[in-house]
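All letters in the sequence shown, in the order written, are residues 2 to 181 by the working numbering.
Quick reminder that beta carbons are idealized off the backbone N, C-alpha and C, glycines included.
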Amino acid sequence: MKLKSIEISGFKSFADRTKIEFRDGMTGIVGPNGSGKSNITEAIRWVMGEQSAKSLRGGKMPDIIFAGTEKRKPLARASVTIVFDNADHFLKTNYTEVVVTRRLFRNGDSQYQINHIDCRLKDILNLFIDTGLGRESFSIISQGRVESIFNSKPEDRRSIIEEVAGVLEYKQNKQKAESE
Ligand code: ATP
Ligand code: MG
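Right under this line is the structure:
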């Protein structure tokens, strides 16, 4: 499984549609302070199901929509699409290429899609759960996060390790079974 590309439009500082393709090897994104590097990693976390506006440095979720500048009007919608090469079926789906889209409109409406078919947020979260790519995983470490992981409570650190180890899905299924 490999990240192929991400397309960002109306998300934070990315007013114009911006597509980044990830080739083989390592990709570095460089730019001056405030140019939007962290916004790219936040777009990746958001499209993969991030639900906390605070962890995206906002007060409420619509804060991620392009808010406008002196010369440019605010936009009504944020849209992010991420494409994974899934030839090895690392993600548990029959698709060999997985395309995930998330959109948020200023009126609060959301749209979620897997391979261009409407789905629920839950379906996107399920796609990434126990892959080590989930919301609380080590795969995306944002600015300041290393410090916060080291300073976190043991039980919080344990849940991070559990997700990486792949036992979170098992635990959630067990809880569900017990409540039924
Ligand atoms: P650094 O090197 O300091 O970490 P960076 O490249 O990571 O910088 P970001 O934090 O990704 O920069 O980008 C910050 C910029 O994004 C700021 O200029 C901020 O005004 C802009 N920004 C954030 N949210 C929005 C929004 N909703 N609409 C428009 N611009 C936004
Ligand atoms: Mg940054």
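For residue i, the first and last residue of its enclosing alpha helix (DSSP H)
{"i": "V101", "result": "Not the alpha helix (DSSP H): V101 falls in the beta strand (DSSP E), residues 98–106."}
{"i": "F15", "result": "F15 -> no alpha helix (DSSP H), and no H or E assigned at all."}
{"i": "Q52", "result": "Neither: Q52 is in no alpha helix (DSSP H) and is coded neither H nor E."}
{"i": "S4", "result": "Correcting the residue identity first, residue 4 is Leu in this sequence and not Ser. Not the alpha helix (DSSP H): L4 falls in the beta strand (DSSP E), residues 3–10."}
{"i": "V81", "result": "Run containing V81: none in the alpha helix (DSSP H); it sits in the beta strand (DSSP E), 78–86."}
{"i": "V165", "result": "155–166"}
{"i": "N34", "result": "Segment: none, N34 is in no alpha helix (DSSP H) and carries neither H nor E."}
{"i": "I150", "result": "146–152"}
Per-residue burial, residue i [other beta carbons within 10 Å of its own, 16 or more giving buried]
{"i": "R46", "result": "buried"}
{"i": "A88", "result": "exposed"}
{"i": "I9", "result": "buried"}
{"i": "I115", "result": "buried"}
{"i": "V48", "result": "buried"}
{"i": "E156", "result": "exposed"}
{"i": "E43", "result": "buried"}
{"i": "Y171", "result": "exposed"}
Cβ distance (whole Å) where residue i is taken to contact residue j below 8 Å
{"i": "K3", "j": "E22", "result": "So it is not a contact: roughly 12 Å between Cβ atoms."}
{"i": "I65", "j": "F151", "result": "Wrong, their Cβ atoms sit about 27 Å apart, outside the cutoff."}
{"i": "F15", "j": "N40", "result": "7 Å"}
{"i": "I7", "j": "I83", "result": "5 Å"}
{"i": "L122", "j": "G50", "result": "6 Å"}
Bounding residues of the beta strand (DSSP E) (the contiguous stretch that carries residue i)
{"i": "D124", "result": "From DSSP, D124 is part of no beta strand (DSSP E) but of the alpha helix (DSSP H) over 122–129."}
{"i": "S180", "result": "Element bounds for S180: not the beta strand (DSSP E) but the alpha helix (DSSP H), 169–180."}
{"i": "I21", "result": "19–22"}
{"i": "S111", "result": "111–115"}
(request) Inspect the CB distances between the region 127–136 and the region 165–173 and report whether three or more fall short of 8 Å. (result) Per the Cβ contact rule, the region 127–136 is in contact with the region 165–173 (3 or more Cβ pairs under 8 Å).
(request) Give a yes or no on contact between the region 100–109 and the region 23–31, applying the rule of three or more CB pairs nearer than 8 Å. (result) Contact between the region 100–109 and the region 23–31 is absent, because fewer than three Cβ pairs lie under 8 Å.
(message) Using a Cβ distance threshold of 8 Å, determine whether the region 45–57 contacts the region 69–77, with at least three qualifying pairs required.
(response) These segments do not touch.
(request) Go through the residues and name those whose CB comes closer than 7 Å to any heavy atom of the ligand MG, in chain order. (result) My final list is K38, S39, Q144.
(request) Could you tell me whether the region 85–93 touches the region 114–132, using the rule of 3 or more Cβ pairs below 8 Å? (result) Under the three-pair Cβ rule at 8 Å, the region 85–93 counts as touching the region 114–132.
(message) I'd like to know if the region 104–111 and the region 77–84 are in contact, where contact means that at least 3 CB-CB pairs between them fall below 8 Å.
(response) Enough Cβ pairs lie closer than 8 Å, so yes.
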